[in-house]
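A.B. asks:
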Amino acid sequence: MTTDQVAVPSEHDVVKAGHDAPATGMGVSNTKLAMWLFLSSDCLFFGAFISAYLFYRGRPQPGPHPADVYNIPFTSVTSFILLMSSLTMVLALAAIMRGDYRRLRVWLLATALFGATFIGGQVFEFTEFYRQGFTLSKNLSGSTFFVLTGLHGAHVTAGIIWLLSLWGLATQGRLTSRDSERVEIAGLYWHFVDVVWIVIFTVVYLIPK
Amino acid sequence: MTTVSDTVRAPARRLRVLRRPQATTGFWSWFTTIDHKKIGIMYGTTALAFFVIGGVEALLLRLQLAGPNGTLLTAAQYNELFTMHGTTMIFLMGMPLAVAFGNYLIPLQIGARDVAFPRLNAFGYWGFLMGGLFIYSSFFIGGSAPNGGWFGYTPLTSTPLGRGFLPGHGADFWAVGIVMLGIASTTSAINFIVTVLQLRAPGMTLMRMPVFTWMMLVTAFLTLFAMPIITAALIMVYFDRNIGTNFFQPAAGADPLLYQNLFWLFGHPEVYILILPGMGIVSEILPVFSRKPLFGYPVVVFSGIAIGFIGWGVWAHHMFATGLGPVAISAFALSTMIIAVPTGVKIFNWLATVWRGAVRLKTAMLFALGFIAMFTLGGLSGVLHSVVPADTQQTDTYFVVAHFHYVLFGGLVFGLFGGFYYWFPKLYGRFLDERLGKFNFWTMLLGFNLTFFPMHFVGLLGMPRRTYRYDTGLGWDFLNQLETIGAFVIALSVLAFIVNVMVSRRHGQVSGDDPWDARTLEWTTPSPPPMYNFAEIPQVEARDDFWHHKYTEDETGHAVRLPSGAAVAVEERPAGGDGGGEHGGEEHGDGHGIHMPSPSYFPFIVALGLPILGYAAVFQAVWLVPIGALVVLFGMYAWGIEPQTEP
Chain A
1 MTTDQVAVPS
11 EHDVVKAGHD
21 APATGMGVSN
31 TKLAMWLFLS
41 SDCLFFGAFI
51 SAYLFYRGRP
61 QPGPHPADVY
71 NIPFTSVTSF
81 ILLMSSLTMV
91 LALAAIMRGD
101 YRRLRVWLLA
111 TALFGATFIG
121 GQVFEFTEFY
131 RQGFTLSKNL
141 SGSTFFVLTG
151 LHGAHVTAGI
161 IWLLSLWGLA
171 TQGRLTSRDS
181 ERVEIAGLYW
191 HFVDVVWIVI
201 FTVVYLIPK
Chain B
210 MTTVSDTVRA
220 PARRLRVLRR
230 PQATTGFWSW
240 FTTIDHKKIG
250 IMYGTTALAF
260 FVIGGVEALL
270 LRLQLAGPNG
280 TLLTAAQYNE
290 LFTMHGTTMI
300 FLMGMPLAVA
310 FGNYLIPLQI
320 GARDVAFPRL
330 NAFGYWGFLM
340 GGLFIYSSFF
350 IGGSAPNGGW
360 FGYTPLTSTP
370 LGRGFLPGHG
380 ADFWAVGIVM
390 LGIASTTSAI
400 NFIVTVLQLR
410 APGMTLMRMP
420 VFTWMMLVTA
430 FLTLFAMPII
440 TAALIMVYFD
450 RNIGTNFFQP
460 AAGADPLLYQ
470 NLFWLFGHPE
480 VYILILPGMG
490 IVSEILPVFS
500 RKPLFGYPVV
510 VFSGIAIGFI
520 GWGVWAHHMF
530 ATGLGPVAIS
540 AFALSTMIIA
550 VPTGVKIFNW
560 LATVWRGAVR
570 LKTAMLFALG
580 FIAMFTLGGL
590 SGVLHSVVPA
600 DTQQTDTYFV
610 VAHFHYVLFG
620 GLVFGLFGGF
630 YYWFPKLYGR
640 FLDERLGKFN
650 FWTMLLGFNL
660 TFFPMHFVGL
670 LGMPRRTYRY
680 DTGLGWDFLN
690 QLETIGAFVI
700 ALSVLAFIVN
710 VMVSRRHGQV
720 SGDDPWDART
730 LEWTTPSPPP
740 MYNFAEIPQV
750 EARDDFWHHK
760 YTEDETGHAV
770 RLPSGAAVAV
780 EERPAGGDGG
790 GEHGGEEHGD
800 GHGIHMPSPS
810 YFPFIVALGL
820 PILGYAAVFQ
830 AVWLVPIGAL
840 VVLFGMYAWG
850 IEPQTEP
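For the record, the sequence lines run as chains A and B.
Just so we're aligned, residue 1 is where the first sequence starts under our numbering, counting upward by one.
Just so we're aligned, residue 210 is where the second sequence starts under our numbering, counting upward by one.
This is how it looks when you write it as structure tokens:
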């Protein structure tokens, strides 16, 4: 992903204090490695729900079916907005690494707003589907669709709260270029959630049954 | 224990919510500690308490089955007890007890001062405790304890309350509680992986790492990838029961195999999550008490990794009787046979380690040898299950119960008990009593075989699992009686162990730092180790480094003790590591100047929020949600802005 950043004193250093030049280790900070591990675990979490969706796709069940209610152009637009938020996330990281705190705040807020727009789109989409009779308990597709996309939405929402918290710290001047890794790690999570959406959008919306 | 943290304190104004706790001793310090050794002891004590509770449940089950047409328990109580026995022994005893060993030993074995995320470590413990208490609270509120089996097959567990056959909120408690335990064990898995990959002492390359640490690393990866799958499956179960989804509702056309696939995709790696730590412990004990290096170290390590990989490709052998079709069944039968190979390789490595060694039959060694014998029996009946026609006969009979108790009790529990006897002197500076220990071992071996060996026979005679009583005249009566007697012999054995721990902690024979003449880094520290573990971070030169500091070889290949302090003599080895050395500097000795992470309230507070959210979920009490969420968020934010160490 991103390139090297300023050496941040991490939890690692406290514990290892006592000798310089650690001869062992992976060359990344502990917190970043931990985030990668969490994301790899989260892959299987989504994988289970995506499998459930695929497992039941095409089984005989009462309508309406997902294909009857999808509004692909609309979802494409909100998906595009979510993907653009990855760009603003990268810009936020670049800003904090340069020490440009004004742009950091702008881009963090923009990322959160793009995410919120996506969530707004999802809420609209869900209500629209419900109006057309495609609900959580209507059929197998309804259960697998709403729970999968809903949990993705929950992930995005958690990400928005995280971004806003960082933005709050940044406005108080408590997020300096020494802390750029905090932004980078939030970014890792945010990009992951975006990538998962690409998979969901492709598998659930685009591939016809 | 000296406090390392309260040296100099700068009066800097910083963002803070609560005053930072400072005490590292006393009652309240247990709630705020982030010392991996204390947390290890807390994990161990709690898991042993659950072991006793799960054992009492097993005794009640055995009393009910002691004779035909037992009347001690009702069918409903029997369901609760066998469900909670399995859930307890797997999630509240097996996994956390392995984590207890890992917590205490991994940093010591790799030459680190703590784990990578000390506060996350504390959270893992509190999450585990809260999850356990949460599940057990279902005995008192909610109408019923979990009662659908530890595997919780759908649609039995997923049918909404009132429409289904399971009374009470048991299945809700089970689903939500295990999600909670999953969160806790995932954090500890991440912590272990980062610790092992990042915090090893200089020179401690991966292929010099003690096998126990290696196996905990593999276990942590398995936990990391297995828990999210069961979490997803349990969320589906919970939603089916409570918000009207159809994941497992046959009326909507759902397929019961979805749950079984998800569950066993978690469930089979879970088996290796339980057994690999036991294998690691045994691989530490056998070389020390045979006075030989572990035979074929790289092969043992790679077999462990191979088990970790192949363990993901065998899950459907739990489902041979469900009609998967010949292709799937053949594939899974083959992979099940293949996974026996690395396991068998390990057994031969252990045997070769002991072969012609100077064997000392201390209690720890007895348990390790017991592990090999009992685990091999369990492995052999396991291979039988890969033979599909045989398996379809054995499915859901006591033969299966016999098999997995041989691997999990004969394997894991024997390994863990060996570990207790081996490392107890490190924890308390005193030996566990050997005479009580031998009694502990022999009664456990006897009781274990008396309980579980006859289950092979009653299983082949057709006795089904999970039925609360049986008729007389089926040829099962005498064998069941034997099993019940055996179960009480095991109880006696565990009782002897508890007495041993209670007495030896205060009055045991003083052991010194390296009582077994061992070879790994934890034995270079004082017993018990100081808070900072190593006054000076060791420099590692070889596998079994500590041994090479103590011994060299003569021309015939026999070990010759180096005169103490002459560690320099061998192969231009630089001094150090033997708890001393020239380049100690001002840090040497009393550990002053070593900055350790400070205690914290917040891991406990975040964990406290989990059961509140859990009760909200089980009883659909929406008003509880904001309270739980506030507690969790408060804890997380305060944690986030709290520095790891007070200056």
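The C-beta atom is built at its ideal place from N, Cα and C for all residues, glycine as well.
None of the values given here were measured: they were computed from a predicted structure.
What does the alpha-carbon distance come out to for the pair A:Ala110 and B:Met488?
C.D. replies: Approximately 52 Å, taken between the alpha carbons.
A.B. asks: Would you kindly report the start and end of the unbroken alpha helix (DSSP H) that includes B:Arg715?
C.D. replies: That run of the alpha helix (DSSP H) goes 686-716.
A.B. asks: If you measure from the beta carbon of A:Asp42 to each beta carbon in chain D, is any gap under 8 Å?
C.D. replies: Looking at the structure shown, chain D is missing, and the protein chains on hand are A and B.
A.B. asks: Counting only the same chain and skipping the five closest in sequence on each side, list residues whose C-beta sits under 6 Å from that of B:Arg644.
C.D. replies: Once the five neighbours on either side are set aside, B:Arg644 has no close Cβ partner at all.
A.B. asks: Tell me, which residues are paired with B:Glu762 by DSSP?
C.D. replies: DSSP output for B:Glu762 lists B:Ala768 as bridge partner(s).
A.B. asks: Give a yes or no on whether 8 Å exceeds the smallest Cβ distance from A:Pro60 to chain B.
C.D. replies: Yes, A:Pro60 lies at the interface with chain B (some Cβ there is under 8 Å from its Cβ).
A.B. asks: Using only CA atoms, which one of A:Ile200, A:Asn139, A:Ile198, A:Leu175 lies nearest to A:Asn103?
C.D. replies: Asn is not the amino acid found at residue 103 of chain A; the sequence shown has Arg there. Closest option to A:Arg103, Cα to Cα, is A:Leu175.
A.B. asks: Measure from the alpha carbon of B:Leu306 to the alpha carbon of each residue in B:Ala567, B:Ala258, B:Phe828, then state which is nearest.
C.D. replies: Of the listed residues, the one whose Cα sits closest to B:Leu306 is B:Ala258.
A.B. asks: Does the stretch 299-317 of chain B come within contact of the stretch 414-422 of chain B, defined as at least 3 CB pairs closer than 8 Å?
C.D. replies: Yes, they touch.
A.B. asks: Rounded to a whole number of angstroms, what is the C-alpha to C-alpha distance between B:Val491 and B:Ile581?
C.D. replies: The straight-line gap from Cα to Cα measures roughly 9 Å.
A.B. asks: By the 10 Å Cβ neighbour count, where 16 or more other Cβ atoms means buried, how is B:Val480 classified, buried or exposed?
C.D. replies: By the 10 Å Cβ count, B:Val480 comes out buried.
A.B. asks: Nearest by alpha-carbon distance to B:Val523: which of B:Ile556, B:Ala549, B:Ile514, B:Val509 is it?
C.D. replies: If we check each option's Cα against that of B:Val523, B:Ala549 comes out closest.
A.B. asks: For B:Thr606, which of helix, strand or coil comes out of DSSP?
C.D. replies: Three-state DSSP puts B:Thr606 in a strand.
A.B. asks: Does the separation of the CB atoms of B:Pro369 and B:Arg450 fall below 8 Å?
C.D. replies: Yes, the pair counts as a contact, with Cβ atoms nearer than the cut-off.
A.B. asks: With distances taken between CB atoms, is the gap from B:Gly837 to B:Ile821 smaller than 8 Å?
C.D. replies: Contact: yes.
A.B. asks: Helix, strand or coil for A:Val123 per DSSP?
C.D. replies: Helix, per DSSP.
A.B. asks: Is A:Ala94 close to chain B? Criterion is C-beta to C-beta, closer than 8 Å.
C.D. replies: No, no contact with chain B.
A.B. asks: 8 Å is my cut-off, CB to CB: does A:Gly187 come that close to chain B?
C.D. replies: No, A:Gly187 does not count as interfacial toward chain B.
A.B. asks: Using a Cβ-Cβ cutoff of less than 6 Å, which residues in the same chain neighbour A:Ser79 once the five nearest sequence positions on both sides are dropped?
C.D. replies: Phe201.
A.B. asks: Would you check if the distance between the CB atom of B:Met752 and the CB atom of B:Tyr760 is smaller than 8 Å?
C.D. replies: The sequence shown places Arg at residue 752 of chain B, not Met. Not closer than 8 Å, so no.
A.B. asks: Going straight from the alpha carbon of B:Ala435 to that of B:Phe475, what length do you get?
C.D. replies: Near 5 Å, if we compare the C-alpha coordinates of B:Phe475 and B:Ala435.
A.B. asks: Could you name each continuous alpha helix (DSSP H) segment of 4 residues or more that falls completely within the stretch 48-103 of chain A, going from the start of the chain to the end?
C.D. replies: Listed in chain order, the complete alpha helix (DSSP H) runs (minimum 4 residues) inside the stretch 48-103 of chain A are 66-69, 72-98.
A.B. asks: Within a Cβ cutoff of 7 Å, which residues of the same chain sit near A:Leu164, ignoring the five residues on either side of it in sequence?
C.D. replies: Answer for A:Leu164: Ala112, listed in chain order.
A.B. asks: Could you give the first and the last residue of the continuous alpha helix (DSSP H) run that contains B:Gly361?
C.D. replies: Premise fails: B:Gly361 is in no alpha helix (DSSP H) and is neither H nor E.
A.B. asks: Under the assumption that A:Phe114 contacts A:Ile81 (Cβ atoms under 8 Å), give the Cβ distance between them as a whole number of angstroms.
C.D. replies: Right, the Cβ-Cβ distance comes to about 5 Å (below 8 Å), so this counts as a contact.
A.B. asks: For A:Asn30, is the classification buried or exposed, using 16 other Cβ atoms within 10 angstroms of its Cβ as the cut-off for buried?
C.D. replies: Its Cβ being crowded by 16 or more others within 10 Å, A:Asn30 is buried.
A.B. asks: For B:Phe401, decide whether its Cβ has a neighbour in chain A, counting only Cβ atoms nearer than 8 Å.
C.D. replies: B:Phe401 does not count as touching chain A.
A.B. asks: Express the C-alpha separation of B:Thr562 and B:Leu415 in angstroms, rounding to a whole number.
C.D. replies: C-alpha separation (whole angstroms): 21 Å.
A.B. asks: Rounded to whole angstroms, what's the CA-CA distance from B:Gly717 to B:Gly844? Just pull it up for me.
C.D. replies: If you take the alpha carbons of B:Gly717 and B:Gly844, they lie about 41 Å apart.
A.B. asks: Under 8 Å between C-beta atoms, does B:Gly361 make it to chain A?
C.D. replies: Not an interface residue.
A.B. asks: Quick one: residues in its chain with C-beta nearer than 7 Å to the C-beta of A:Arg59, no 5 flanking neighbours on either side, listed in chain order?
C.D. replies: Excluding positions up to five away in sequence, the list reads Leu140.
A.B. asks: Taking all protein chains shown into account, do 16 or more other C-beta atoms lie within 10 angstroms of the C-beta of B:Met389, making it buried, or fewer, making it exposed?
C.D. replies: Counting Cβ neighbours within 10 Å, B:Met389 comes out buried, since at least 16 surround it.
A.B. asks: So does the stretch 54-71 of chain A actually touch the stretch 358-368 of chain B, counting three or more Cβ pairs closer than 8 Å?
C.D. replies: No, because fewer than three Cβ pairs between the stretch 54-71 of chain A and the stretch 358-368 of chain B fall closer than 8 Å, the two stretches do not touch.
A.B. asks: List in chain order: all unbroken alpha helix (DSSP H) runs of 4+ residues lying wholly within the stretch 520-569 of chain B.
C.D. replies: Segments of the alpha helix (DSSP H) lying fully in the stretch 520-569 of chain B: 535-563.
A.B. asks: Out of B:Leu701, B:Ala410, B:Thr395, B:Gly818, state which residue places its alpha-carbon closest to the alpha-carbon of B:Leu329.
C.D. replies: Ranking the options by Cα distance to B:Leu329, first place goes to B:Thr395.
A.B. asks: Give the residues of chain B in contact with A:Gly25, contact being defined as C-beta atoms less than 8 Å apart.
C.D. replies: Chain B residues near A:Gly25: Leu406, Gln407, Leu408, Arg409.
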